[in-house]
Amino acid sequence: MFPQTMYADIKSSLKSPPESDSFPDVMSAYEREFGRVRLVEKIWERFDYTKSFPQLLGAATRFHRELATMPYIVDIITTNWDAFFEEECGAIPMVTGDDYALINFKGRKVYKIHGSINVISSLVATREDYNECLESLKGSALGGTLRHFIATRPVVFIGYSMLDPDFQDIYTALTKDLGKMNPKNYFVSPFPSEEAKRFGMKEIVTDGTFFLHKMKEKIVEHGCHLPDSVYHRAEDFFEKSLSARRAIRDINHTDLPGVLYGHFYLDGVLDATGRIRARRATGEYSDRHHVAELCRNYEKLLGNAIDRGRYDDAAYIEGYVSTLITLLLDDDDPDVPPYFCFTQRSIHDLEDFVRAARNLRRRNRSAFDKAVKISRDAGPDLIPMHTPFLDGVFD
């Protein structure tokens with residue numbers, strides 16, 4: 002991406018380069034010459050520059066965006082300082098001992114061996130920092146967690162340099178007492194590595210992002226995982242629903258109370274789409290079984306809402322579930338309707354929607370009476386909006 006790496010940039014700034022060309026020794030030399038604050042500024046400036054250009058940011062986060070929609074990857078270990086796993090993958094950062102207050106929080110975690118750009122004091126850059134980090138890993142909560150991971154599950158190393166003696170020191174420290182009981186680990190890199198073999202790792206010679214992509218394809222084939230294209234399908238339904246919203250906006254609900262259920266339905270669609278967008282980084286909605294379970298749970302709430310005469314909640318739930326269903330559809334399945342009223346299923350155009358709303362009093366008197374009450378309470382100049390809360394329909 003950049004004309005030269007940060008390592009090369011910093012090294013070229015030195016008046017007195019160190020004897021050793023290793024990364025931490027070069028950082029130490031820079032710190033001695035210019036001070037710790039200037040070193041941190043150089044690191045910060047590089048990340049800030051990357052984030053200010055979409056082209057650079059896109060290249061820097063290509064791997065993270067591929068990983069984001071793989072919800073079964075829940076524990077990530079990194080030596081990188083950037084916050085891309087947090088920002089692109091929804092990961093909770095574990096940087097210092099205090100962060101372990103969040104260890105039982107549900108969701109993906111990223112364990113940052115060398116600190117984070119968001120916690121300046123945690124950055125591990127210089128030789129002195131590396132030595133302190135290595136010693137800390139022998140007894141810290143972070144070191145204990147990493148040893149537990151390596152001892153109890155296979156670890157896939159992607160993007161690490163097996164030639165880096167500092168990485169070798171860390172890995173050796175974490176696996177020192179495991180001996181032959183160390184689980185089989187994997188090393189993914191475009192280039193073969195004799196060092197990976199020496200550490201007993203199985204090599205997979207390929208690009209890291211491509212590796213994730215192919216692994217995702219295989220899991221989609223097995224039916225447990227939804228392809229990333231489902232997010233585009235949800236966005237298409239969102240755009241269609243916005244058009245429906247514009248179409249019904251000018252219909253006066255005091256004259257046609259049933260139109261309110263169209264609004265509440267679309268509130269459900271828009272809220273569901275918004276949440277799917279917000280949670281894409283976590284991969285929550287890429288899990289087919291999770292989405293199907295959500296649909297079943299909301300169907301139960303829908304029954305409760307109707308039984309309790311909460312038709313506004315029922316219409317909202319219908320919209321929410323309809324959006325979830327778009328994620329589960331095959332390409333040749335019928336489109337999900339952008340309109341809703343209790344008198345007719347699968348309303349795809351404005352004319353049918355208006356007809357259904359006019360029939361509401363005759364076809365579903367209780368739903369009509371509820372709409373009349375909501376309309377009167379709101380007044381003619383206000384279109385009521387359903388918020389993302391359903392307190393009245395839970396058992």
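To convert, take the position in the sequence shown, counting from 1, and add 1; that gives this note's numbering. Built from N, CA and C at the ideal position, the CB exists for glycine as well.
- In the three-state DSSP reduction, Ser-117 falls in the strand class (E or B).
- DSSP, read as helix, strand or coil, puts Thr-388 in coil.
- Restricted to the segment 24-99, the beta strand (DSSP E) segments that are unbroken, complete and at least 3 residues in length are 76-79 and 93-95, listed in chain order.
- With respect to the 9 Å criterion, Asn-119 and Ala-84 are classified as neighbours on the basis of their beta carbons.
- By the 16-neighbour rule on beta-carbons within 10 angstroms, Ile-249 is buried.
- Contact between Val-157 and Val-111 does not hold, since the beta-carbon distance rounds to 15 Å and is not under 8 Å.
- The segment 224-234 and the segment 327-336 touch, with no fewer than 3 CB-CB distances between them shorter than 8 Å.
- Taking C-beta atoms under 8 Å as the contact rule, Thr-207 and Pro-191 qualify, at a distance of about 7 Å.
- Taken through DSSP and simplified to helix, strand or coil, Glu-204 comes out as strand.
- Taking every protein chain shown into account, the CB of Tyr-8 has fewer than 16 other CB atoms within 10 angstroms, so this residue is exposed.
- In this structure, Tyr-131 is the residue among Leu-383, Tyr-131 and Asp-370 with its C-alpha nearest to the C-alpha of Gln-169.
- Annotated as proximal: Asp-314 and His-387, with beta-carbon spacing under 9 Å.
- For Ser-323, the secondary structure class from DSSP, reduced to helix, strand or coil, is helix.
- When Cβ pairs closer than 8 Å are counted between the two stretches, the segment 291-300 is seen not to touch the segment 251-265, the count staying below three.
- Residue Pro-94 holds the alpha-carbon nearest to the alpha-carbon of Asn-105 among His-115, Glu-42, Lys-113 and Pro-94.
- In this chain, Cys-225 is not harboured by any beta strand (DSSP E), its DSSP state being neither H nor E.
- Lys-241 and Leu-257 have their C-alpha atoms spaced approximately 23 Å apart.
- Of Asp-99, Gly-59 and Thr-146, the smallest CA-CA separation from Asp-76 is found for Thr-146.
- Under the three-state reduction of DSSP output, Lys-110 falls in the strand class.
- The straight-line gap separating the alpha-carbon atoms of Arg-247 and Gly-275 is approximately 18 Å.
- If you keep only unbroken beta strand (DSSP E) runs of at least 3 residues inside the segment 282-360, you get 340-342 and 345-348.
- Between Leu-213 and the set His-65, Ala-197 and Asn-360, the nearest pair of CA atoms involves His-65.
- Ser-367 and Gly-310 have their C-alpha atoms some 7 Å from each other.
- Short of 6 Å from the beta carbon of Gly-259, and not among the five residues preceding or following it, lie these beta carbons of its own chain, in chain order: Cys-342, Ala-358, Leu-361 and Ala-372.
- The continuous alpha helix (DSSP H) containing Phe-265 extends over residues 260-280.
- The segment 316-327 and the segment 298-306 touch, with no fewer than 3 CB-CB distances between them shorter than 8 Å.
- Between Phe-54 and Trp-82, the CB-CB gap reaches or exceeds 9 Å.
- The straight-line gap separating the alpha-carbon atoms of Glu-42 and Glu-32 is approximately 11 Å.
- In the DSSP annotation of this structure, Phe-395 is not part of any alpha helix (DSSP H), being labelled neither H nor E.
- Lys-215 and His-226 do not touch by the CB rule: their CB atoms are close to 13 Å apart, not below 8 Å.
- Residue range 230-249 is occupied by the alpha helix (DSSP H) that includes Ser-230.
- Per DSSP, Ile-159 is not a residue of any alpha helix (DSSP H); the beta strand (DSSP E) it occupies stretches across 157-159.
- When the beta-carbon positions are compared, Gly-144 and Arg-280 stay at least 9 Å from each other.
- Here the alpha carbons of Lys-107 and Thr-283 stand approximately 11 Å from one another.
- About 6 Å separates the CB atoms of Ala-245 and Leu-267; that is less than 8 Å, so the two are in contact.
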